[in-house]
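Just so we're aligned, residue 95 is where the sequence shown starts under my numbering, counting upward by one.
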Amino acid sequence: MLDDPFSNLPDTAIRRFSTSAGDVLFRQAETATGFYRVLGGCVTLRRTSQAGDTLTLHRASAGDLFAEASVFSDQYHCDAICTEGGTVQHISKAATLERLSKHPDFALAFTALLARQVQSYRFLLEITAIKSAEDRVLAAVSAGYLDCAVTEFATRIHLTHEACYRALRTLCNQGRITQTGRGQYQLVDQPDRP
Numbered sequence: 095m096l097d098d099p100f101s102n103l104p105d106t107a108i109r110r111f112s113t114s115a116g117d118v119l120f121r122q123a124e125t126a127t128g129f130y131r132v133l134g135g136c137v138t139l140r141r142t143s144q145a146g147d148t149l150t151l152h153r154a155s156a157g158d159l160f161a162e163a164s165v166f167s168d169q170y171h172c173d174a175i176c177t178e179g180g181t182v183q184h185i186s187k188a189a190t191l192e193r194l195s196k197h198p199d200f201a202l203a204f205t206a207l208l209a210r211q212v213q214s215y216r217f218l219l220e221i222t223a224i225k226s227a228e229d230r231v232l233a234a235v236s237a238g239y240l241d242c243a244v245t246e247f248a249t250r251i252h253l254t255h256e257a258c259y260r261a262l263r264t265l266c267n268q269g270r271i272t273q274t275g276r277g278q279y280q281l282v283d284q285p286d287r288p
């Protein structure tokens, strides 16, 4: 099986480009031409609810694919906004579909990548299902999800930023996490309990 299935696509199928914070790669309902891989930086997939709330669907960082469902869709289903500058690859939908239909090794490798991402999404769903804001925030910090602004972290774990800040403060007051800088927190090492 291929480690990087996209390395065997034609050069014309992959376009690499630099991004800056705030760049919009695509908007919801635009025609889907392919999917993306982050080589450096960060891209956030967002959707605005009917009530006007912003929901973070996915935060892609180095090595992550995003908008991979566009291979089988006519339109993008959300907005892709660069939250940190970096480098991104656009991978052609047409070239991917052609390769999937004719090369079993490519299809297996691509499927394996998608399966790993599904596992990651399911883990995030487990975290967002935690009822207590403090427990949810603690689980998300433990999993390494607080690698962005607290307001973005809050939307990622489906809390209001106010509830997230309160939970962070409570966890700090309980000595379970510590604030290491503005918007930066880490777990406090807990001694093993008998």
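For glycine and all other residues, C-beta sits at the position ideal for the given N, C-alpha and C.
Only a predicted model underlies this, so the values are computations on that prediction, with no experimental measurement involved.
**OP:** Using three-state DSSP, classify alanine 243 as helix, strand or coil.
**Re:** Here the question's residue 243 lines up with position 149 in the sequence shown. Looking at alanine 243 - three-state DSSP - the assignment turns out to be coil, as it is neither helix nor strand.
Subject >> Residues of its chain near arginine 131, where Cβ-Cβ distance is below 6 Å and the 5 sequence neighbours each way are ignored >> reply: For this step, residue 131 is matched to residue 37 along the sequence shown. For arginine 131, where only same-chain residues beyond five positions count, the Cβ hits under 6 Å are Leu159, Gln183.
Subject >> Classification of aspartate 229 by the beta-carbon crowding that lies within 10 angstroms, buried from 16 upward >> reply: As a working mapping, residue 229 is identified with position 135 in the sequence shown. Under this definition aspartate 229 is an exposed residue.
Original post:
What separation, rounded to the nearest whole angstrom, lies between the Cα atoms of phenylalanine 111 and glycine 135?
Top reply: Along the sequence shown, one-based indexing puts residue 111 at 17. Along the sequence shown, one-based indexing puts residue 135 at 41. Between phenylalanine 111 and glycine 135, the C-alpha separation is close to 12 Å.
Subject >> Assigned secondary structure, histidine 184 (DSSP; H/G/I helix, E/B strand, else coil) >> reply: On the sequence shown, residue 184 is found 90 positions in, with the first residue counted as 1. Strand at histidine 184.
**OP:** Starting from the Cα of glycine 65, find the closest Cα among Ala243, Pro99, Thr264, Val118 and give me that residue.
**Re:** Residue 65 is absent from the model: the chain starts at 95 and stops at 288.
Original post:
Where are the beta strand (DSSP E) runs, 3 residues long or more, that stay fully inside the stretch 155-224, in chain order?
Top reply: 173-186
Original post:
Three or more beta-carbon pairs under 8 Å between the stretch 186-204 and the stretch 136-150, yes or no?
Top reply: no
Subject >> For histidine 255, three-class secondary structure by DSSP >> reply: Counting from one through the sequence shown, the residue named residue 255 turns up at place 161. DSSP places histidine 255 in helix when its eight states are reduced to three.
Original post:
Are at least three pairs of beta-carbons, each pair with one atom in the stretch 160-169 and one in the stretch 250-263, less than 8 Å apart?
Top reply: no
Subject >> Simplified DSSP state of arginine 276, which is helix, strand or coil >> reply: Sequence index remark: in the sequence shown, residue 276 carries index 182 (1-based). In the structure shown, arginine 276 sits in coil (DSSP, three-state: anything other than H, G, I, E or B).
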